[in-house]
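Residue numbers (my numbering): 11 to 308.
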């Protein structure tokens with residue numbers, strides 16, 4: 011977990027903007043969002059206290075600063091600059107601690123499940139809680155809302171979020187290899203804010219016809235892409251569109267691509283969510299014989 015980057019946005023984005031990293035913003039005691047806490051609709055995932063933080067300090071520091079203060083070893087007895095700690099650097103560790111508590115309670119929990127639980131059990135921030143610029147649901151100031159540790163732990167007793175055993179497969183270099191002589195069916199999850207793209211590496215022979223179908227999360231727009239062998243990037247400034255072999259063109263959550271492959275090798279099948287939403291999806295692909303082989307059969 012990383013604190014949400016400070017302004018200006020054009021000069022800060024990572025690591026909070028990386029896939030599967032929770033961006034944490036700060037909240038005051040009165041529910042308002044401090045000016046130092048970044049605002050971003052996509053990369054701010056959850057909020058935690060970040061003003062007037064009471065914490066520990068080295069006892070030697072507090073004794074030299076305020077020897078008569080009680081209790082020693084705490085920020086109230088330290089130098090003035092430590093008495094009212096503030097910043098997302100105080101907020102992010104609280105979310106990390108909550109995640110650690112989830113893993114300690116359920117050691118079989120996967121990272122993406124813990125992330126979903128922490129964000130979806132957060133207490134929504136809005137005008138009624140003190141944040142006049144926040145609105146119902148996910149917002150740019152607090153993401154899904156204020157961290158609720160008790161709510162997150164209680165959620166472990168409910169049906170858990172669907173795990174994604176293929177992660178992390180967000181780039182060509184970390185693509186999940188999927189085996190299947192004739193094809194395969196893939197069940198996974200995707201999230202507009204933290205897991206926009208999943209990349210699968212599949213072997214296709216020259217002349218084979220590849221047919222892939224996607225059933226994405228309901229209510230969100232998802233897309234399907236196929237990239238040629240030799241592809242090194244599927245996004246950003248390094249992408250080379252000449253390596254794009256095919257892509258779906260249907261709006262909504264149902265997509266399909268069909269291609270007769272000329273060059274054999276390892277292709278990259280990419281699932282992408284293009285509008286706010288999250289959930290599980292299914293990709294089914296089939297590799298059909300080369301035209302000449304099919305014609306030769308009796």
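Virtual Cβ for every residue (Gly too), placed ideally from N, Cα, C.
Look at residue 188 here: in three-state DSSP terms it is coil, with no helix or strand label. Annotation for residue 126: the continuous alpha helix (DSSP H) segment containing it runs 121-130. Here the alpha carbon of residue 116 sits roughly 46 angstroms from the alpha carbon of residue 299.
Residue 108: member of the alpha helix (DSSP H) spanning 98-115, first to last residue. For residue 198, DSSP records a beta bridge to 291. For residue 71, the uninterrupted alpha helix (DSSP H) run begins and ends at 69-75, by DSSP. The beta carbon of residue 199 sits closer than 6 angstroms to those of 172, 174 and 290, all from its chain and outside the five residues before and after it, given in chain order. Residue range 254-257 is occupied by the beta strand (DSSP E) that includes residue 256.
The Cβ atoms of residue 35 and residue 131 do not sit closer than 8 angstroms to each other.
Of the residues assessed, residue 237 falls on the buried side of the cut-off, its CB having 16 or more other CB atoms within 10 angstroms. In terms of CA proximity to residue 106, 58 leads the group 232, 176 and 58. Nearest Cα to residue 297 within the set 261, 179, 212 and 286: 212. Rounded to whole angstroms, the gap between the alpha carbons of residue 165 and residue 215 is 46 angstroms.
Taking the C-beta atoms as reference points, residue 152 is found nearer than 8 angstroms to residue 37.
By the C-beta criterion, the region 254-274 is judged to be in contact with the region 223-230, since at least 3 inter-stretch pairs fall below 8 angstroms. One alpha carbon belongs to residue 96, the other to residue 109, and they sit about 21 angstroms apart. Looking at the DSSP output, residue 66 shares a beta bridge with 84. Closest option to residue 210, judged by alpha-carbon separation, among 120, 190, 121 and 204: 190.
Per DSSP, the unbroken beta strand (DSSP E) holding residue 281 starts and ends at 275-283. No Cβ-Cβ contact shorter than 8 angstroms links residue 62 with residue 76. Counting only residues of its own chain and dropping the five nearest sequence neighbours on each side, residue 243 has a CB closer than 8 angstroms to the CB of 181, 182, 249 and 250. Counting only the Cα atoms, residue 219 lies some 15 angstroms from residue 235. Taking residue 161 as reference, the option from 255, 245 and 129 with the minimal CA-CA separation is 129.
CA-to-CA, the gap between residue 167 and residue 158 works out to about 15 angstroms. For the pair residue 179 and residue 123, the Cα-to-Cα distance works out to about 16 angstroms. Of the residues 222, 233 and 217, the one whose Cα lies closest to the Cα of residue 206 is 233. Exclusion of the five residues before and after residue 143 leaves 151 as the residues of its chain whose Cβ lies within less than 7 angstroms of its Cβ.
In chain order, 188, 212, 294 and 295 place their CB closer than 8 angstroms to the CB of residue 194, counting only its own chain and leaving out the 5 sequence neighbours on each side.
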